[in-house]
Amino acid sequence: MLFIALPLVSMFSLALFVVFGYVSYKVLRDDLNGKVEQTADINARVLATPFWYLDVDNIESALNAMARDSDIVAVQALGADGTEFAHTGVSQSELADTLRLSRRVYFERNNVRHDVGELVIYFTEERVQNLLLRRIAIDMVLFGLLIAVVAASLLIANKRSIKEPLNRLLHSIRMTKHGRLRRPVEWNSADELGLLIREYNEMVALQGQSQEEAQRKQALLEATLHNIGQGICLFDQDLNLMVWNERYIELLNLPRDLVKEGTPLSDILRFNGERGEYGDVSIQALISDRVAIARRREPYRMERTRPNGRVIQVDHNPMPGGGYVATYTDITERKQTEARMRHLAVHDVLTSLPNRTLFLDRLRQALLSARRFQRGVTVLFVDLDRFKDINDHFGHDVGDLMIQEMGQRLSRIIRDSDTAARLGGDEFAIIQTDVQNIEDTIVLAQRIIDELCQPFDCRGIRLHSTASVGITLFPEDGENPEQLVKNADMAMYAAKAEGRNNYRFFLPSMHERVKER
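When you line the sequence shown up against the numbering used here, it's residues 836 to 1352, in that order.
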């Protein structure tokens, strides 16, 4: 029986060894490719915003985090035109024998998808090959162990002296088979069984090293996840929370007992709704709406303003196997910068009053309203008298202070429904809306003249000036904003020509005077 069993067991073990070796290599290669692809996919999405704004510091930080993986030898960040602007790892000359994987980086803005560059990862199979050789050695020991156990069992099955060590060995093998790494088998003898157990203990030690390597890589991945500047969360196909980082908790100010593996998305939405994160809305309706969006399996972007005033951009991307990953980016400073830029585009820097562009737009809106509701609109063009002399004598700094004070005075004497603007230099204009009769405009013009006659205190220098005001009425003096402003300007110059420190309404004859000049 021994001579029949041993060849059969040997042949069967050899066949298993070959098949298992091939399967092991394929699994290890697929695991490596899958890990690198997942790293590329996640970082291509995470780096979309830094690529768009050419935030090289954040890009290099992410590349360095990826390069900590022992399988990855280099990472490149390329612009849309293929130009490299970030690189980590070995130089180009050392990449000849490596594997290459790339992902295009897309940034979505205003529902338009922009190709902003390419993320390229170079990796090697060296670890896979070493691990495979180690596993082959382990498998050889394991199959040799199996043959030895069978042979020993057939030869001395009835001998009690080998039952205890064999039972220990078989128990440890079963535990290893179920994925639970065991301590070495405690047995010390100089015979073949002792040698077999020592070989098995070495195999267990090698498996322990592999497990430690896997734990080390898991720790690296978690460190990258928790040190990135964006909040990240991942929900599975049942919309239960699976992965998150510290930034996600910080940005949304979530309690830690809520953020744990398996927490349903609906519980997080309900918590936020009950503390007023979404305003005065039906919490159940909001949960139903957000869950429906999450199951739609379409990428989307939204901006959310939290009660503390911070603006969070949420990028939602579905996962191939179900569920989705979302990134949360604090864009408060960017929004504030955009608001300041919009303000500066239509406001005067010196006085913070509307500039000519915004003034003409508001005048255009006032004329539309006046036509619809049959109400009066007047334009008052205001200019300081002899301001150039003051500016030349005392300097531009004093002149700027005088212009600022003039803007403040005009803002104080008009109604909230009216508009005061600086058109340039010492020229200001006012839109007076809902004018019931011409006396309302005369009263305002006289208030402007009286107010600007008061002394200006500029850095201890007491300055005196007067103002001239030109007035146009809609629709008598013009049908459009440009015409009304132009005619008011002519009326203002008429007031200056007639002695300054007064106001004049526009008259058609003023056109003739301009032509004569």
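Glycine included, each C-beta is placed from N, C-alpha and C at the ideal position.
The structure displayed is predicted, hence computed values, not measured ones.
With distance defined between alpha-carbon atoms, name the residue in the options nearest to residue i.
i, options, result
"proline 1353", "Leu1203, Leu1104, Ser1246", "In the structure as shown, the chain starts at 836 and stops at 1352, and residue 1353 therefore has no counterpart that could be examined."
"methionine 975", "Gly1156, Ala900, Val854, Arg948", "Val854"
"glycine 1211", "Asp1251, Val1304, Thr1192, Asp1312", "Asp1312"
"glutamate 1240", "Phe1263, His1228, Asp1251, Phe1106", "Phe1263"
"alanine 1280", "Leu1298, Arg864, Met1077, Ile1266", "Ile1266"
"leucine 1121", "Val947, Ala909, Asn1107", "Asn1107"
"tyrosine 1135", "Tyr1159, Leu930, Tyr1113, Arg1091", "Tyr1159"
"tyrosine 857", "Asp1124, Leu930, Leu968", "Leu968"
"glycine 1334", "Leu1086, Val1304, Ile1084", "Val1304"
"glutamate 872", "Leu1219, Thr1162, Arg1199, Ile956", "Ile956"
"proline 1090", "Asp1071, Arg1206, Met1077, Arg1110", "Arg1110"
"methionine 1154", "Gln1200, Gly1114, Gln1072, Gly1242", "Gln1072"
"arginine 1247", "Ile1283, Gly1156, Ser937, Ile1306", "Ile1283"
"aspartate 1269", "Arg1125, Lys1321, Arg1206, Ile1225", "Arg1206"
"alanine 1201", "Pro1316, Met1137, Thr1162, Gly1259", "Pro1316"
"glycine 1097", "Leu1087, Leu1074, Cys1288", "Leu1074"
"asparagine 1152", "Ile907, Arg1191, Glu943", "Glu943"
"valine 1149", "Arg1125, Thr1213, Thr1172, Gly1156", "Arg1125"
"aspartate 892", "Asp876, Ala883, Ala921, Gly952", "Ala921"
"methionine 1038", "Leu1236, Leu980, Ala931", "Leu980"
"arginine 1257", "Val1320, Asn1226, Ile1225, Val1278", "Val1320"
"glutamate 919", "Val947, Arg948, Phe886", "Phe886"
On the DSSP letters alone, give me the boundaries of the beta strand (DSSP E) that residue i sits inside.
i, result
"alanine 1302", "1302 to 1309"
"aspartate 1102", "No beta strand (DSSP E) contains aspartate 1102, which is instead part of the alpha helix (DSSP H) from 1100 to 1109."
"valine 1217", "1211 to 1219"
"alanine 921", "919 to 924"
"glutamate 1138", "1135 to 1140"
Tell me, please, which residues DSSP counts as bridged to residue i.
i, result
"threonine 1162", "Ile1067, Asp1150"
"tryptophan 1079", "Cys1068"
"isoleucine 956", "Val910, Leu936"
"proline 1189", "His1182"
"histidine 949", "Phe942"
Using the three-state DSSP reduction, which class does residue i fall into: helix, strand or coil?
i, result
"alanine 902", "helix"
"alanine 1127", "helix"
"arginine 1145", "coil"
"glycine 1230", "coil"
"valine 853", "helix"
"alanine 915", "coil"
"arginine 970", "helix"
"arginine 1197", "helix"
"valine 1116", "coil"
"asparagine 1088", "coil"
"glycine 1157", "coil"
"glycine 869", "helix"
"alanine 1205", "helix"
"aspartate 890", "coil"
"leucine 863", "helix"
"arginine 1175", "helix"
"aspartate 1224", "helix"
"arginine 880", "helix"
"asparagine 993", "Its pLDDT being 43, under 50, asparagine 993 is placed unreliably by the model, and the measurement read from it follows with that caveat. Asparagine 993 falls in the coil class under three-state DSSP."
"arginine 1169", "helix"
"alanine 897", "helix"
"aspartate 1312", "coil"
"aspartate 1073", "coil"
"alanine 875", "helix"
"arginine 962", "helix"
"leucine 1121", "helix"
"leucine 930", "coil"
Which residue marks the beginning of the alpha helix (DSSP H) containing residue i, and which one marks its end?
i, result
"phenylalanine 1340", "Here phenylalanine 1340 belongs to no alpha helix (DSSP H); instead the beta strand (DSSP E) covers 1338 to 1340."
"leucine 1319", "1316 to 1332"
"lysine 1095", "Note, lysine 1095: premise wrong, no alpha helix (DSSP H); not H, not E."
"proline 1343", "No alpha helix (DSSP H) holds proline 1343; DSSP gives it neither H nor E."
"proline 885", "883 to 887"
Could I get the ranges of all uninterrupted alpha helix (DSSP H) runs contained in the region 1237 to 1303, with 4 residues as the minimum, in chain order? 1273 to 1288
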